[in-house]
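Let me begin by presenting the structure, written as structure tokens, before commenting on it.
Numbering (this note's numbering), first residue to last: 1 to 242.
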């Protein structure tokens, strides 16, 4: 069978069922059309290298200088703001799984656009608790991590981190309770995999950062040499102008 013969069913399917942009509805070959991608996915260039919050200048925000987090870097592809926030919610709660590879592509571009940033040795999706995983049927962080790993050439370890406590969803907890809500929630299944290595934590969105901070601290306790967060969207601080 020739390559052309192998490809023709996919080409025919594209003609019979053309896709449309998830943001504007216009016909396009992918999940999001090029004009929407260029308009809504322009990266915020002045971000803290450590937590990815917007800053006026320099490499690191005052908060990370005063209280360094357990992770060394955070890379995000976009702000968690309209209309991209709706795509995040559709992936997380409506099982629109085709969005995950597109998130991974945007995140790959953001990683490669960060000069001097070392690639992780392995990727670890932020795990869901057993009850939430059973209810949802999938882990959106893992759905992003798999294509991201292929794009970056980095191995993905789906069960490297385990959620040993079924905590309340951070979105339903007040900001001042989030650190306590997530404390002690994670464990590392195979510490030998991360000892002395650079671990990349993958998630769909980073809001307060407490979940990633707790998981990064857990990785460090089990011997990780460096931890980086790779998240599709970053929630801007209150009062920040986009």
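Where is the CB? At the ideal position from N, CA and C, for every residue including glycine.
Inside the region 79 to 147 only - beta strand (DSSP E) runs reaching at least 3 residues: For the region 79 to 147, whole beta strand (DSSP E) runs of length 3 or above, ordered along the chain, are 122 to 125.
| request: Starting from residue 203, trace the alpha helix (DSSP H) both ways and give me its first and last residue. | output: It is not in any alpha helix (DSSP H) - residue 203 instead sits in the beta strand (DSSP E) that spans 198 to 206.
**Asked** Should residue 115 and residue 154 be called a contact, given that it needs their Cβ atoms to be closer than 8 Å?
**Response** Contact: no.
Query raised in the report: Would the beta-carbon of residue 215 fall within 8 Å of that of residue 126?
Result: Against a cut-off of 8 Å, the Cβ pair of residue 126 and residue 215 comes out as a contact.
* Starting from the C-beta of residue 203, find all residues in its chain whose C-beta is less than 6 Å away, skip the five residues before and the five after it, and write them out in chain order. => The answer, listed in chain order, is 126, 141 and 231.
### Query
Among 148, 118 and 100, which has the Cα closest to the Cα of residue 259?
Absent from the model: residue 259. The displayed extent of the chain is 1 to 242, so no value can be given.
Beta-bridge partners of residue 74, as assigned by DSSP
For residue 74, the pairing in a beta bridge is given by DSSP as 229.
Beta-carbon spacing of residue 186, residue 161 below 8 Å: Contact flag set, yes.
Answer yes or no: do residue 227 and residue 205 have a C-beta to C-beta separation smaller than 8 Å? Their beta carbons are not under 8 Å apart, which means residue 227 does not touch residue 205 by this criterion.
In whole angstroms, what is the alpha-carbon distance linking residue 145 and residue 112?
When rounded, the distance between both Cα atoms is 16 Å.
* Asked: So residue 233 packs on residue 84, CB below 8 Å; how close in whole Å?
  -> The Cβ separation is near 6 Å, so the contact holds.
* **Best match in 237, 235, 229 and 238 for proximity to residue 124 [C-alpha to C-alpha]** => Check the Cα spacing between residue 124 and each of 237, 235, 229 and 238: the tightest is with 229.
**Asked** Of all Cβ atoms in chain B, is any one closer than 8 Å to the Cβ of residue 187?
**Response** The chain labelled as chain B is not found in the depicted structure, where only one protein chain is given.
Practice task
Would you tell me roughly how many angstroms separate the C-alpha atoms of residue 37 and residue 221, rounded to the nearest one?
Solution key: For residue 37 and residue 221, the distance between alpha carbons rounds to 39 Å.
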